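All residue numbers for the sequence shown refer to UniProt numbering, where the first residue is 1 and numbers rise by one.
Here's the structure, in structure tokens; my notes come after.
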Amino acid sequence: MRFLSKKSKVIARILVLIFILTNSIGIKINAYEGMGIIKQKSVKASDMKEWAIRNNATQAFANLAKTYYELASNHGGVDPTIAYAQAAKETNFGRFGGPLDETYKNPAGLKIGQEVDNSNEYQRFNSWEDGISAHLDHLVLYALADGYPRINNTRDSEQLKELLGQSKTVEQLGDKWSQSDTYGIEIINMVRNIQSISNLNPITWIDSPTNGQVVNQDKFNLYGWAINKTGIKDLNVYINGALIKDVNERLPRQDVKDFYPLYSDAENSGFSIEINSNILIEGKNTVKVEAIGNDGVIQSTVTTFNYEYLTPKLYTESPMNNSTYSKDIEVNGWTLNKSGIKEVKIYIDNTFKGNANIGIIRQDINKIFSEYKNSLNSGYSFLIKNGDLSPGEHTIKIESIGNDGTIIRDNAKVIYKKLNPILYIDSPKNNSTISGKSLTISGWTLNQSGVKEVSAYIDGNLVGKTDVSLVREDVGIVYNEYYNSRVSGFSLNINSKLISKNGSTVNLKAIGNDGSIKEDNLIIKREGLNSLIFLDTPYNNQSIGTNTELKLNGWALNESGIKEVRVYLDNKLQGNANYGNLRPDVATAFPNYDESKTSGYEYKLNFKDVSLGIHEVKIVSIGNDNTMDEVSTKIQVIKLEPKIFIDTPTNLATVNSKELKVNGWALNESGIKKISVYIDDVFIKDIDDRVLRPDIKSSFPLYPESNNAGYDTNIDISKLSIGNHKLTVIAEGNNGFKQASIISFNYKNYIIIVDPGHGGKDGGATSIHNGIEYKEDTLNFSVSMKLKSKLESMGYYVVLTRQAWEFVDLVPRANYANSINADLFISIHHNSADTNVQKNPGPSGVETHYSSYRPNIDNEGITTITTGEYIGAYIDTTPTEAAKLSKILSEKIVNNLASYLGRNNRGARDHNLAVTKYTNMPSVLVECGFISNPNEATDSGKDDRQQTTVNAIADAVGEMF
């Protein structure tokens with residue numbers, strides 16, 4: 001889509017503004033006040049019909065415009081525009097709706113009587129002429145027309161005198177004709193829309209070319225738009241008076257539609273045609289566009305433009321005419337052709353050399369010659385290699401060929417001179433002496449044709465080649481006429497061993513791309529490297545035990561390389577060390593030696609059967625040139641006494657667990673064969689596995705296996721009697737020597753307090769079911785006795801807090817457990833609740849209680865429970881170890897009870913019962929069931945179910961203690 005030009009947009013805005021102002025003024029003056037119904041015709045019938053069609057009227061209703069227009073003057077002089085607009089409103093532009101349809105021929109909805117409820121009470125006419133005549137008569141009756149009401153010669157059955165003059169203006173129809181207050185205003189707006197169509201003049205516009213525009217393309221688009229309120233029937237385009245065919249018409253123009261919405265054809269008002277410059281004349285040309293409307297109206301517009309022919313252009317920027325060169329010549333510049341550039345050819349002395357690269361971006365040319373289609377990409381370039389030119393004067397010709405075959409040429413004369421090759425060695429200097437294992441030969445070289453390579457010879461033998469690519473800004477400044485003088489440097493590394501200590505001749509040859517050679521020579525000598533040997537370990541005068549295998553390591557260097565490394569003990573050859581271990585530290589310190597990175601050696605020297613005292617260890621390195629170097633150290637052989645120690649248990653320790661953990665360490669200069677454990681002189685077991693003990697290695701480094709000197713095992717002591725016992729650990733060395741360590745420990749079993757709840761004068765809860773009485777203190781004692789028996793069978797020492805008949809208060813029970821340092825406190829109870837068992841057996845299930853609050857042990861982190869059953873009770877947010885174990889055991893017991901007995905699990909509860917609060921050891925109160933519940937009471941009284949309860953509690957205890 002093409003859009004309105006700047007000029008056309010301005011004109012369009014002015015026209016729209018005039019239209020709006022005109023209509024706005026009209027609205028203010030008389031739009032809603034005083035629009036008379038009886039007046040002269042304000043528009044043409046065709047305008048009325050066009051308005052109806054634009055509002056999607058039926059074809060039948062659109063055709064009624066002419067009838068209204070013709071009949072209006074014979075019916076009181078009513079304005080047909082107003083009557084037609086009212087008919088459009090009443091019939092919905094002929095589409096009707098409701099009880100009427102097109103068959104009634106009733107365009108105004110005229111009724112037979114005043115009150116009408118269905119279609120049978122509307123007037124039906126024989127023809128549209130009759131219906132329209134009735135409508136016009138009825139309307140002018142309201143407007144107080146002369147001669148009305150009509151008694152005869154009317155089709156209107158409601159020519160009533162009381163209607164005469166009811167609505168003299170259109171606006172008043174809203175009060176009298178219709179029940180709607182806006183009825184008259186809506187008709188006025190419809191009339192104004194019809195009138196606006198009658199005021200639309202045809203418009204024709206040329207967007208391009210604009211008046212006075214310069215055109216220089218071979219082809220260009222002529223385009224614009226044309227509108228007519230009746231539509232465009234035909235469109236003619238003339239250039240210099242000649243009719244141009246094949247115009248593309250009815251092209252989309254939303255921009256025109258936006259500015260001229262009242263024109264029915266504005267949305268597709270565009271036209272376009274491609275103009276070829278061969279029909280134009282040089283200079284001024286005239287374009288005329290003629291638009292013919294469907295109404296026969298012809299609207300035309302004329303514009304003039306200038307046509308200019310673009311001549312080809314060629315400009316050579318480099319080389320400049322009569323310039324002198326000694327290296328590559330870059331030919332470049334720019335060229336323009338209105339048809340575009342096909343190719344640019346380069347000639348030397350009239351001999352074709354090749355096509356230049358074209359299409360190079362040239363923003364500068366584009367700014368000056370933007371009318372040329374290739375101006376942005378008008379650059380070209382071509383490289384003439386120095387090998388293509390002989391010394392002397394030459395002519396370079398550039399030939400630019402357009403896509404249309406046009407050719408233009410340019411020439412430049414150049415002088416090409418011959419340059420001699422140069423070679424210079426920066427390093428090493430002549431007659432110098434070098435050191436190190438590598439020799440770097442560096443310098444620079446120049447050749448007019450470029451340098452292919454530099455070859456190096458030592459004493460006539462080729463030892464290496466290199467290219468020439470190193471940056472040498474210094475050379476480039478002095479010798480800028482040479483090809484690649486800025487990158488004329490070279491560097492070559494060779495093995496310094498190729499240089500004789502007595503002197504060698506180094507010869508360099510620089511070979512040009514044209515085959516020419518430039519040479520240079522120098523004489524240099526090389527320094528020799530001393531042989532080196534070092535022993536890292538062992539250190540001098542180091543002490544070791546008998547039968548020790550001593551690890552020797554170090555490094556050795558020789559300029560000729562190491563042939564072997566020999567090891568001697570007291571001047572007796574023991575063997576050759578392994579040579580070639582990685583030694584990056586040596587390579588860093590002595591980089592001139594070829595083997596410095598792998599100069600390490602190692603050897604394991606066995607001192608078995610070597611006498612006590614001082615001995616000499618000597619290392620001798622032998623080079624490939626048979627030169628020798630040596631290093632020695634003194635080693636003192638001493639006797640290492642066997643050692644053994646028990647870390648756990650400590651001497652006189654008290655042990656109350658069922659397993660005894662035994663660990664420690666043992667050393668023997670011959671190594672440990674086995675470690676045996678005895679209790680009370682009775683063999684228990686051998687410990688086979690060894691444990692890492694870096695602490696022992698650090699303290700006793702001379703012992704073999706000291707890093708693995710540890711032992712560790714667990715021994716079942718559940719069958720031991722209570723009291724003191726002797727633990728013996730014996731370590732036997734590989735030499736058969738035995739060393740023992742003995743300690744004593746006190747075996748003390750766990751003391752468990754079993755507390756039968758209530759008792760004596762405090763019988764606890766009581767319930768009777770089926771004539772049988774269930775007393776809590778009796779049930780508590782029965783379960784407690786069974787639990788005591790069960791725990792004792794498991795090896796625990798168990799104490800009861802009361803006898804069957806005895807009453808003991810709560811705090812004394814806790815104090816007693818604290819006084820004998822008990823390890824665990826278990827209080828046995830049975831639950832009860834107030835309930836009518838005849839109607840509801842009440843709550844059931846098992847629960848446990850513990851207290852995180854231990855005021856005798858810790859009073860930090862204490863807070864209170866603020867909601868629920870135990871509101872106000874204390875809890876400890878940083879509980880003691882005893883409180884933590886109490887919680888864990890409570891959870892295990894209640895889970896076991898619920899599982900073993902198949903009862904409801906009521907959980908473990910933290911609050912402040914006396915026996916759980918004031919005890920210093922882990923403590924739990926167990927509610928074994930509800931005796932208020934008949935089923936659980938009966939169950940709790942059975943011996944086998946009590947034993948199941950005991951097993952559940954004992955299994956939880958056994959799992960933790």
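By construction, the Cβ of each residue, glycine as well, lies at the ideal position given by its N, Cα and C atoms.
Note that this is a predicted model, so its numbers are computed, not measured.
**Message:** In the DSSP output, what is Val655 paired with across the bridge?
**Reply:** Tyr747
**Asked** How is the beta strand (DSSP E) around Trp205 delimited, first residue to last?
**Response** Ile203 to Ser208
**Message:** Pull the bridge partners of Tyr601 from the DSSP assignment, please.
**Reply:** Gly554 and Tyr579
**Message:** Buried or exposed, going by whether 16 or more other CB atoms sit within 10 Å of the CB of residue 963?
**Reply:** Residue 963 is absent from the model: the chain starts at 1 and stops at 961.
**CB contact flag (Arg945, Gly845, <8 Å)** = no
**Prompt:** Leaving out the 5 sequence neighbours to the left and right, which residues in its chain are closer than 6 Å to Asn933 when beta-carbon positions are compared?
**Reply:** Pro841, Gly842 and Ser844
**Asked** From Leu141 to Gln159, what distance separates their C-alpha atoms?
**Response** 7 Å
**Message:** For a minimum of 4 consecutive residues, which ranges assigned as the alpha helix (DSSP H) are wholly contained in the stretch 354-421?
**Reply:** 363-368
**Prompt:** Helix, strand or coil for Met628 per DSSP?
**Reply:** strand
**Message:** If you follow the alpha helix (DSSP H) that Leu791 is in, where does it begin and where does it stop?
**Reply:** Glu776 to Ser793
**Message:** My assumption, with CB atoms under 8 Å, is that Leu667 sits in contact with Tyr711. Please give the rounded CB distance.
**Reply:** Wrong, their Cβ atoms sit about 11 Å apart, outside the cutoff.
**Asked** In whole angstroms, what separates the C-alpha of Val783 from that of Ser832?
**Response** 17 Å
**Message:** Closer than 8 Å is the cut-off here; do at least three beta carbon pairs connect the stretch 210-221 with the stretch 275-285?
**Reply:** yes
**Request:** To the nearest angstrom, report how far apart Ala954 and Val682 are at their CA atoms.
**Result:** 32 Å
**Asked** Is His769 helix, strand or coil when you go by DSSP?
**Response** strand
**Prompt:** Can you tell me where the beta strand (DSSP E) with Phe930 in it begins and where it stops?
**Reply:** Ser923 to Phe930
**Message:** My assumption, with CB atoms under 8 Å, is that Tyr853 sits in contact with Asp876. Please give the rounded CB distance.
**Reply:** 5 Å
**Message:** Taking a contact to mean a Cβ-Cβ separation below 8 Å, would you say Ile828 touches Asp755 in this structure?
**Reply:** yes
**Message:** Looking at the secondary structure, which residues open and close the beta strand (DSSP E) in which Arg526 lies?
**Reply:** Ile517 to Arg526
**Prompt:** When DSSP builds the beta bridges, which residues end up paired with Lys437?
**Reply:** Answer is none; Lys437 lacks a bridge partner.
**Request:** Kindly give me the distance between the Cβ atoms of Val471 and Ser485, rounded to whole angstroms, as I take these residues to be in contact under 8 Å.
**Result:** Contact doesn't hold; Cβ gap of about 11 Å is too wide.
**Request:** Compare the C-alpha of Thr286 against each of Tyr238, Phe271 and Thr311 and name the closest.
**Result:** Tyr238
**Asked** Is the beta carbon of Ala425 sitting closer than 8 Å to the one on Leu522?
**Response** Note that residue 425 is Ile in the sequence shown here, rather than Ala. Yes, these two residues count as a Cβ contact at 8 Å.
**Message:** With a threshold of 8 Å on Cβ separation, who are the neighbours of Thr728 within its own chain once the five nearest residues in sequence on each side are excluded?
**Reply:** Val677, Tyr678, Ile679, Asp681, Ala740, Ser741 and Ile742
**Message:** Which same chain residues end up closer than 6 Å to Asp520 when comparing Cβ atoms and leaving out the 5 residues on each side of it in sequence?
**Reply:** Leu423, Ile425 and Leu508
**Asked** According to DSSP, is Leu498 helix, strand or coil?
**Response** helix
**Message:** Buried or exposed for Met628, going by 16 or more other Cβ atoms inside 10 Å?
**Reply:** exposed
**Asked** For the putative contact between residue 985 and Ser596, defined by C-beta atoms under 8 Å, what is the C-beta separation to the nearest angstrom?
**Response** Residue 985 lies beyond the range of the chain shown here (1 to 961); nothing can be said about it.
**Item:** Coarse secondary structure for Phe700, derived from DSSP in three states
**Value:** coil
**Message:** Buried or exposed, going by whether 16 or more other CB atoms sit within 10 Å of the CB of Asp716?
**Reply:** exposed
**Request:** Identify whether Ser269 lies in helix, strand or coil by the three-state DSSP scheme.
**Result:** coil
**Asked** Among Tyr603, His615, Leu532 and Leu552, which residue has its Cα nearest to the Cα of Leu569?
**Response** His615
**Request:** Since I believe Ile752 is in contact with Tyr796 (beta carbons under 8 Å), could you give me their beta-carbon distance rounded to a whole number of angstroms?
**Result:** 5 Å
**Asked** How about the stretch 78-85 and the stretch 189-200: do they share at least three Cβ pairs that are nearer than 8 Å?
**Response** yes
**Asked** Buried or exposed: which applies to Gly462, given that a residue is buried once 16 or more other Cβ atoms fall within 10 Å of its Cβ?
**Response** For the sequence presented, residue 462 should be read as Leu rather than Gly. It is exposed - the Cβ of Leu462 has fewer than 16 other Cβ atoms within 10 Å.
**Request:** Determine, using beta-carbon pairs with one atom in the stretch 651-663 and one in the stretch 618-634, whether at least three such pairs fall under 8 Å.
**Result:** no
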